[in-house]
Each structure stands twice: as structure tokens, then as C-alpha cells.
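This report refers to the structure that appears directly beneath it.
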Amino acid sequence: MPLPAPGALTALIRRHGAWLMAAGAGLGILLPDLAAAANPALLPLSCLTMFLALLRVEPAAFVAVLRRPGLGIVVIFWILLACPVLVWCLGRLVLPADDVFLRAMTLIAATPGMMSAAAYGVLLGTDVALLTLVGLPTNILAPVILPAVALLLGGGAAIDPVVTALRLAVMIGASFGGAFLVTALIGRPRIRRAAPAIDTGITLLVAAVGLAVMHGVGPALVAAPGFMTLAILSTLALNLALQATGFAVFGFAILGPVPVQARLSAALVSGNRNMILLLAAISGQGDRPLELIMAAGQLPLYLSPLIVAPLYRRVRLRAGR
17 MPLPAPGALT ALIRRHGAWL MAAGAGLGIL LPDLAAAANP ALLPLSCLTM FLALLRVEPA
77 AFVAVLRRPG LGIVVIFWIL LACPVLVWCL GRLVLPADDV FLRAMTLIAA TPGMMSAAAY
137 GVLLGTDVAL LTLVGLPTNI LAPVILPAVA LLLGGGAAID PVVTALRLAV MIGASFGGAF
197 LVTALIGRPR IRRAAPAIDT GITLLVAAVG LAVMHGVGPA LVAAPGFMTL AILSTLALNL
257 ALQATGFAVF GFAILGPVPV QARLSAALVS GNRNMILLLA AISGQGDRPL ELIMAAGQLP
317 LYLSPLIVAP LYRRVRLRAG R
């Protein structure tokens, strides 16, 4: 049987990107030793993913977002403040204040969006420039926001602001600096022509990150299958509910006309949060059930694209984009 041509193979990878992302996470759960071996490469893999995603950001689009920052500011306010308040208030209708699932869902809702959200945006066809603009300040504010929310919840989660800032500086500096340097060296036209290859690389890298980030999830699932299954289903439901709510909120006329791709970006970043940062924040605090929920909460980041990709595509087609 002849092997597919390289162009056909890369097109196949891009077409089934959501499945590959889920497969990477699934492989990390099924093969915990492989996930453990890949985990030390998580930071460089994340930096490389961001770097490729930033290559796909058109400078003109990013400048246009900077010139009209109002929407980005509203999205930031929505992510960091409105979402946790909304989740807490709705959760209190059915759960006691000290319930571990209520505390976990509220903390997730207060967590900044993924640093690799731009990579997801490329794969799902959203406004990558807006995702980039929103991602930076929300993650920079994380060392302030997350401990404050945890203190209000009585969780006592601790984040070392210096360590967090250094990690963010490495990711932001390496990815932005690399993208700027490559663009200066080879030019924007060549990058545009290489877009299919870049998108293929992003897909494979996100799958590799999914493998590495599942370190520890497989053994936890074996040790506490009932609790972990409930945690996975709960965090997946929260992810999808926040995406739907974010898309709806930014469709209200009071905010002015918001382009469909921007609304999809608001939806994407509403549901998909920086779970790696959050898990690091609460690890070692003696609250094992909370840690297990946060570990389980990483899986929906790789499952939700399978669910929302067809919906995002349908919304874009209806809008003619």
C-alpha cells in the first residue's frame, strides 16, 4: 500500500486535529510511564506551541486589536471576575459552601486562560489576535487573583509569585521573541505560504503537550475511579457551559457589534483555563480531593475540542467566515 503524499498527510493531520489532541491525552492516561517521561519537556513544548501559534498572528490584526482594546478589557474582566462570581452563585444553589467541587469549580473559573489558547484558536478558526491580547494580562495577574479567590474560599492555595512570574517570562519571552525574529528573518509572505505546515506542527505539538500534561492522571484514575470520573465529567461540563455562556454574553447588543470570530475567542478562553498553573498552585497544600479534581480538569482541555469544533465551524459558516 503506497504511503500518502506529504501534502495529503499534513492535510489529514489538520483535518483530524481535535482527535489527535484527544489521542495525545488518552495516550498519557493509558501509558503513565510515557507521560512521566514526557512531562519534563512540558515547558519547552508549550513554548514551541505558542511560538508557532504567534507566527500565525497577522501583525495588522494584532495592531487592530490593540487600537481598540475595549473588547479585550471586557473579556479579561469576564474571565477573571465575572466567571468565578457566576459559578459560585449558581453552585451555591445546590452545594454547601465548603463542598470541594464548588471550591474547585470556582477556582477553575478564576484561573486565566491557557497560554496556548492561540494555538487552539488557529485550529478552531477563532480570532487569534484577541486570544493573544487577552492571554498575556490574565496570566500575569494570576499570582494575585488565584490566592485571593482561594483565600475567600478558605482553600489557602499558595502561589509563589516569583516562580510564576519567571515561568511566564520564559514562555512569553521565548515565544514572542522567537516569532519576531523568524518573521524578521524570512518575512511575512513566506510565513503565510508555510501556514499549512505551521498548522500541522501546532496540531502535533498540542497532542504532545496533552501526553505530557496527563502525568499522574492515569494512576489517580485507577486509585479512585469513581471520584475521578465524577471530577472529569464535572470539569468537562463546566468547560462547555462557560464556553456557551461566553459566546452568548458577547452576543448582547449592549456590547456593540462583536464579530463572530471574536465571540468564538471569548467562548474558547472562557472554558479553557490554565490548569497547569492552577494545579501547581494547590499542590502540596494537603487537600488531596481538590488536587484530584484539578488533575482531572486537565483532560477536558483535550476532549472539548472534539465537541465544539463542529459547532464552531457551523457558527463560522453561518456568519460567512
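The opening position of the sequence shown corresponds to residue 17 in the working numbering, with each subsequent residue numbered one higher. Cβ atoms here follow ideal geometry from the backbone N, Cα and C, with glycine treated the same way.
Which one or two residues does DSSP pair with residue i in a beta bridge?
{"i": "residue 129", "result": "289"}
Tell me the DSSP secondary structure of residue i in three-state form.
{"i": "residue 84", "result": "coil"}
{"i": "residue 215", "result": "helix"}
{"i": "residue 142", "result": "coil"}
{"i": "residue 168", "result": "helix"}
{"i": "residue 307", "result": "helix"}
{"i": "residue 147", "result": "helix"}
{"i": "residue 113", "result": "coil"}
{"i": "residue 313", "result": "coil"}
{"i": "residue 276", "result": "helix"}
{"i": "residue 232", "result": "coil"}
{"i": "residue 78", "result": "helix"}
{"i": "residue 192", "result": "helix"}
{"i": "residue 93", "result": "helix"}
{"i": "residue 294", "result": "helix"}
{"i": "residue 157", "result": "coil"}
In the DSSP assignment, find the alpha helix (DSSP H) that holds residue i and state where it starts and stops.
{"i": "residue 206", "result": "204 to 209"}
{"i": "residue 65", "result": "58 to 71"}
{"i": "residue 47", "result": "No alpha helix (DSSP H) contains residue 47, which DSSP labels as neither H nor E."}
{"i": "residue 316", "result": "316 to 335"}
{"i": "residue 55", "result": "That residue, residue 55, is in no alpha helix (DSSP H); it is neither H nor E in DSSP."}
{"i": "residue 262", "result": "241 to 265"}
{"i": "residue 102", "result": "99 to 107"}
Taking all protein chains shown into account, decide if residue i is buried (16 or more other Cβ within 10 angstroms of its Cβ) or exposed.
{"i": "residue 347", "result": "Nothing about residue 347 can be reported from this structure: the residues present for the chain run from 17 to 337 only."}
{"i": "residue 262", "result": "buried"}
{"i": "residue 46", "result": "exposed"}
{"i": "residue 266", "result": "buried"}
{"i": "residue 114", "result": "exposed"}
{"i": "residue 172", "result": "Caution applies to residue 172, whose pLDDT of 49 falls short of 50 and renders its modelled position unreliable; the value that the coordinates give is listed next. Its Cβ having fewer than 16 others within 10 Å, residue 172 is exposed."}
{"i": "residue 161", "result": "buried"}
{"i": "residue 159", "result": "buried"}
{"i": "residue 231", "result": "buried"}
{"i": "residue 17", "result": "Residue confidence is low: residue 17 scores 47 on pLDDT, short of 50, so the model does not pin down where it sits. No coordinate-derived value is stated."}
{"i": "residue 238", "result": "exposed"}
{"i": "residue 61", "result": "buried"}
{"i": "residue 24", "result": "exposed"}
{"i": "residue 234", "result": "buried"}
Does at least one heavy atom of the ligand ATP sit under 6 Å from the Cβ of residue i?
{"i": "residue 106", "result": "The ligand ATP is absent from the structure shown, which contains no ligand whatsoever."}
Check whether chain C comes within 7 Å of residue i, counting only Cβ atoms and requiring the distance to be less than that.
{"i": "residue 294", "result": "Included in the structure is just one protein chain, with no chain C present."}
Is the number of C-beta pairs between the stretch 244 to 257 and the stretch 315 to 330 that are closer than 8 Å three or more? yes
At least three beta-carbon pairs within less than 8 Å, the stretch 197 to 215 to the stretch 34 to 53: The stretch 197 to 215, when compared against the stretch 34 to 53, does not touch it at the 8 Å Cβ threshold.
Does the stretch 103 to 113 touch the stretch 31 to 45, meaning 3 or more C-beta pairs lie closer than 8 Å? Cβ pair count under 8 Å is below three, so no.
Count the C-beta pairs between the stretch 217 to 226 and the stretch 65 to 76 that are closer than 8 Å, then say yes if the count reaches three, no if not. yes
Is the stretch 72 to 90 touching the stretch 143 to 163 in the sense that three or more CB pairs, one from each, lie closer than 8 Å? Output reads yes: the stretch 72 to 90 touches the stretch 143 to 163.
Does the stretch 137 to 148 touch the stretch 276 to 285, meaning 3 or more C-beta pairs lie closer than 8 Å? yes
Can you find at least 3 beta carbon pairs, one from the stretch 96 to 104 and one from the stretch 73 to 84, that sit closer than 8 Å? no
Would you be able to state if there are at least three C-beta pairs under 8 Å between the stretch 234 to 248 and the stretch 301 to 317? yes
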